[in-house]
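First up is the structure itself, then whatever we jot down about it.
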Amino acid sequence: MKLAEGYLIKEIAGSYALIPIGQNVVDAKNILSTNETGFFILQQLKNEISVNDLFHAICEEYEATEDEWQQITTDMLSFLSALREKKLLCE
Amino acid sequence: MRRYRIADIYLNLYAKECYYKKEFQDFLWDERIERTEDSKTVSICIEEMNQNNSVENGTVLLESKQLTVYDEIDKYTIIYHVTNCGVSYVLSKQKKEAHIYVNGNVYNDEILQYAIRDAFFFYMQQYGCIVVHSASFIYKERAWLFSASAGTGKSTHVDLWKKSGYQIEDLNGDLAALYITESNEVMATGLPWCGTSGIYQNKVARLGGIIFLRRSDAVTITPLKQELGSLFLLARCITPNWTQETAGENAKIVENIVKHVPTAILYCTKEPCSAECAKHYIDSTL
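If you're matching them up, the sequences are chains C and L in order. Sequential numbering of the first sequence, starting at 1, is according to my numbering. Sequential numbering of the second sequence, starting at 1001, is according to my numbering.
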């Protein structure tokens, strides 16, 4: 899976945003904001990545313990599902 | 050629007499005043359309009902789809130079003015300037922008200030340019383009702040944190977001601006108390 084309992922004044560019501006797509973890996931999704590799990347980035794996999985899948709903994910 | 000074940038406009608009007159640069060598300049040439003005090896960057932007190696070409518009233009990637091609026999003057405007905005961004969709005025020597999507009531709100007798001076009814000086002051300037409002002035003032309008049943104003203010402002910029680079440039300028000026969201009605509420907030920031 990969983030859809036509977006700029950018930290701006302390907020994390997904900014539509080019055709997405014409198509009236909105700027989306997220938190730091969401921003990290979006960065990973700039290149093709599997769900499994994404999970490992998050665990490594945040030095997650085994106790936190379940919560990370739930949150990650929920975030991916939200991206999918907004047609922001290419699979 | 005529030279104008708009938002601290010189516009050299090369055109036949018939293409110069009266709105530009107020922005004419007085050649008796010396310019510095490093002055920021944009050149726009309006030329006759000929058969060579076609797109050669471009890819479509974006396409709307009104126009298509083609990305070519060394330029962008913009083709309008409006019937009988007789206008297209090319933006050089190497130089700050645009060529607008007009079919002198049949052309749409409104589209021509859009082409001049948008070509200038494209290069303004490269000089660190953004353009914000907003109605603006000067109050107590500071410029204030009221920004919202079309139909929200930007002009209505500014009219409320006038009806309430508050001492304001119009800057622009539809657009304002913002840039930061070397001494980190955010400046707001008028532009010769103002939508259908007819309100424009060649004025420059320090920016006091930006207020985003939302229609509501009750009047209240909420100051925004920088992170939210920056996203609101970014969404209201009309300088191009065509590519990663240009969108990034808008974001960089916006980020710098919100570091220096307050932003707020005004939930407003058509009643004078909306202007009173905004004025109370603005006075508290001075």
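All C-beta atoms, glycine included, are put in the ideal place defined by N, C-alpha and C.
Residue i touches chain C at which residues, Cβ-Cβ below 7 angstroms?
i: T1243 of chain L; result: I21 and G22
i: L1175 of chain L; result: Within chain C, no residue comes near L1175 of chain L; the closest Cβ sits about 17 angstroms away, beyond 7 angstroms.
i: A1251 of chain L; result: K10, I12 and I19
i: A1119 of chain L; result: Ordered by position in chain C, no residue passes the 7 angstroms Cβ test against A1119 of chain L, which lies about 18 angstroms from the chain.
i: V1258 of chain L; result: A13
When we look at the beta-carbon of residue i and count the other beta-carbons within 10 Å, is it buried (16 or more) or exposed?
i: Y1114 of chain L; result: buried
i: C1268 of chain L; result: buried
i: Y1200 of chain L; result: buried
i: S1039 of chain L; result: exposed
i: Q1066 of chain L; result: exposed
i: C90 of chain C; result: exposed
i: K29 of chain C; result: buried
i: V1102 of chain L; result: buried
i: I1033 of chain L; result: exposed
i: Y1123 of chain L; result: buried
i: D1118 of chain L; result: buried
i: N1241 of chain L; result: buried
i: K1096 of chain L; result: buried
i: H1260 of chain L; result: exposed
i: G1165 of chain L; result: exposed
i: L62 of chain C; result: For clarity, residue 62 of chain C is Tyr in the given sequence; the question names Leu instead. Label assigned to Y62 of chain C: exposed.
i: V110 of chain C; result: The question about residue 110 of chain C has no answer, for chain C in this structure spans 1 to 91.
i: T1239 of chain L; result: buried
i: T1077 of chain L; result: buried
Note down, in chain order, every chain L residue with its Cβ under 7 angstroms from the Cβ of residue i.
i: G14 of chain C; result: Q1226 and E1227
i: A17 of chain C; result: L1231
i: L8 of chain C; result: Q1244, A1247 and G1248
i: S50 of chain C; result: Simply none; closest approach about 25 angstroms.
i: I31 of chain C; result: L1231, L1234 and A1235
So residue i and residue j are in contact, right, with Cβ under 8 angstroms, and what is the actual spacing, rounded?
i: I21 of chain C; j: K46 of chain C; result: About 14 angstroms separates the two Cβ atoms, so there is no contact after all.
i: S1155 of chain L; j: S1147 of chain L; result: The Cβ separation is near 12 angstroms, so there is no contact.
i: F40 of chain C; j: I58 of chain C; result: 7 angstroms
i: L1207 of chain L; j: L1233 of chain L; result: L1207 of chain L to L1233 of chain L, Cβ: 11 angstroms. No contact.
i: L17 of chain C; j: L1231 of chain L; result: In the sequence as presented, Leu is not what sits at residue 17 of chain C; that position holds Ala. Confirmed, about 6 angstroms.
i: L88 of chain C; j: A13 of chain C; result: Contact doesn't hold; Cβ gap of about 22 angstroms is too wide.
i: E1169 of chain L; j: I1138 of chain L; result: 4 angstroms
i: H1081 of chain L; j: E1047 of chain L; result: Contact flag wrong, Cβ pair sits at about 21 angstroms.
i: T1041 of chain L; j: Y1020 of chain L; result: The pair is not a contact, with the Cβ atoms about 18 angstroms apart (cut-off 8 angstroms).
i: E1061 of chain L; j: V1131 of chain L; result: The residue asked about is misnamed: residue 1061 of chain L is Leu in this sequence, not Glu. About 20 angstroms separates the two Cβ atoms, so there is no contact after all.
i: S1284 of chain L; j: V1219 of chain L; result: The Cβ separation is near 16 angstroms, so there is no contact.
i: N1172 of chain L; j: S1136 of chain L; result: 5 angstroms
Note down, in chain order, every chain C residue with its Cβ under 9 angstroms from the Cβ of residue i.
i: V1254 of chain L; result: I12 and A13
Show which residues of chain C have a CB atom less than 8 angstroms away from the CB atom of residue i.
i: E1063 of chain L; result: Q23 and V26
Got a sec: does the ligand MN put a non-hydrogen atom nearer than 8 angstroms to the Cβ of residue i?
i: K1022 of chain L; result: For the structure depicted, the ligand MN is absent and the ligand set is empty, with no information on it obtainable.
Okay, do the segment 1258 to 1278 of chain L and the segment 1208 to 1224 of chain L touch, 3+ Cβ pairs below 8 angstroms being the bar? yes
Three or more C-beta pairs below 8 angstroms linking the segment 1071 to 1088 of chain L and the segment 73 to 87 of chain C: no
contact_flag[the segment 1215 to 1225 of chain L, the segment 1263 to 1272 of chain L] where n(CB pairs < 8 angstroms) is 3 or more: yes
Please list the residues of the segment 1141 to 1174 of chain L that have a C-beta atom closer than 9 angstroms to any C-beta atom in chain C, keeping them in chain order. none
Between the segment 59 to 85 of chain C and chain L, which residues of the former have a C-beta closer than 9 angstroms to a C-beta of the latter? none
At least three beta-carbon pairs within less than 8 angstroms, the segment 1103 to 1114 of chain L to the segment 1081 to 1090 of chain L: yes
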